[in-house]
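Under our numbering, residues 7 to 414 are what the sequence shown spells out, in order.
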Amino acid sequence: MVTMAGKKENEWNRSMATEAIHAGEMHDPSGAHIDPVHMTSTYVFEDVGAIGSWASGESESDVYSRVGNPNRRALSEKLAALEGFGLDFPVSAEIFASGMGAVTASIMGMAGSGDHIVTQSVLYGTTNHLVREVLPSYGISSSKVTLMDPDLLEAELTAKPNTKVVYIETPANPTMAVIDISKTAQIAHAHGARVVVDNTFATPVLQRPLALGADVVIHSTTKFINGHGTVIGGALVSRDADFIENGGGALVRYMGAVPSALDCWLTSIGLKTLPLRMREHCSNARVIAEFLDSHPKVVETYWPGLESHPQHDIASRQMDDFGALLSIELGDFDSACRFMDGLSMSSLAVSLGNVDTLVQHPASMTHRLWPPEDRIAVGITDGLVRISVGIEDSEDIVADFERALAGV
Ligand SMILES: *Cc1c(COP(=O)(O)O)cnc(C)c1O
């Protein structure tokens, strides 16, 4: 389903906080203030004439919920309004049953047998598995370019003229590496490749990759977009309406990676407070990062907002704030375990972007299946702990961490 971020005639240039609340809302004819949840598989045509006018395109109507559903449409419109915020071109979005559904659709919508894709060296674990283990069976090869270094990327694209997709995540696990989106897009476009950005960590509130030249944005809406840990979901966003309607976006119905109406509804409710939540997430992250950075038991703190972060300048340029994901190096596995077992308020859990603080140990959790040499080479050491800073009071998060670090 195509949805545009275009404004209605009576709408002024509203702020992002306002768009998050109002964009895409259906205003149900029943008068319900909050959109009802459309839990239905099929839709009824009044008569044969109605089928005729739908078939000829004279009128639009929902027919079957795998193809489209009002709650899915409302969520795609809200998200398109945010990813397209302030841009002078329309943006479209489609919603998937998971972030991985959207990742798969973004790649399969642009690359086929005989094509190549170039990614950064460390990807979200399941994306990495898809690219390295699954796609080769369908004739799609891949290679890695560390941090999309411009010279290396230029060389790689020259050597692999069949590259259709340059795929990046920024900021990215585990060291919150930041990749220059405009530079990457410039080089990729000169070689006829399109750029996909996984914007899950930053969200459109902090970073709008389409404005920086990216062709497609994907999200795991499971994370900050929903924000409350209630749903697994994903989204594909693009300036190319045809790609959303007939290309990668259409794979939602061909692959069947369809989200339920209830999941879309829950995600839309969460998305309304995204700008507010991100402000609090980021200001808490600054307090926590500075506390951890100056703590004697913490060997290293990785957060793009710290001046010591190697890509702090790029992050300052392309992001409005630095996000709420950070990692700390505690030196060894034993110290990491003591820290994690010493926490009382924060939860030990994978996933991220919830209102509550989540802490996880990549080496034994999200990246446990990687060969140890491979993960250590990219910074996923036994002493590394990742923190998704929540929106509890920052003093309470600091207190929880302070007590846990005392046991290290
Ligand atoms: C979680 C996540 C995904 C996958 O999303 P799911 O909703 O779990 O399918 C992809 N990329 C990033 C950066 C993620 O954090």
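Heads up, the beta-carbon is just placed ideally off N, CA and C, and yes, glycines get one too.
Note that this is a predicted model, so its numbers are computed, not measured.
Here DSSP, grouped into helix, strand and coil, assigns E175 to strand.
Judged by the Cβ position, G262 fails to qualify as a neighbour of ligand 1 at the 7 Å threshold, every heavy atom of the ligand being at least this far. Nearest C-alpha to L390 among N205, E379, I250 and T181: T181.
Every unbroken stretch of the alpha helix (DSSP H) spanning 4 or more residues and falling wholly within the region 113–191 is given here in chain order: 131–135 and 156–165.
Between the region 117–124 and the region 145–161 there are three or more C-beta pairs closer than 8 Å, enough to call the two in contact.
The three-state reading of DSSP puts V109 in helix, counting H, G and I together. Each of I320, V305 and G413 was checked against the Cα of G337, and the nearest Cα belongs to V305. In the structure shown, the three-state DSSP call for I224 is strand. By a beta-carbon distance limit of 8 Å, S394 contacts T363. Their separation comes to about 7 Å. Under the three-state reduction of DSSP output, L364 falls in the strand class. With a 10 Å radius around the Cβ and a threshold of 16 neighbouring Cβ atoms, Y70 comes out exposed.
In the DSSP assignment, the residues bridged to F102 are G240. In this structure, L93 lies away from A241, with their beta-carbon atoms at least 8 Å apart. When secondary structure is reduced to three states using DSSP, T206 falls in the coil class, being assigned neither helix nor strand. Counting the other Cβ atoms within 10 Å of the Cβ of G37 gives fewer than 16, which makes it exposed.
Annotation for L212 indicates a beta carbon at 7 Å or more from all heavy atoms of ligand 1. In its chain, beyond the 5 residues on either side, G413 and V414 have a beta carbon closer than 7 Å to the beta carbon of R344. Assigned with DSSP and collapsed to three states, S400 falls in helix.
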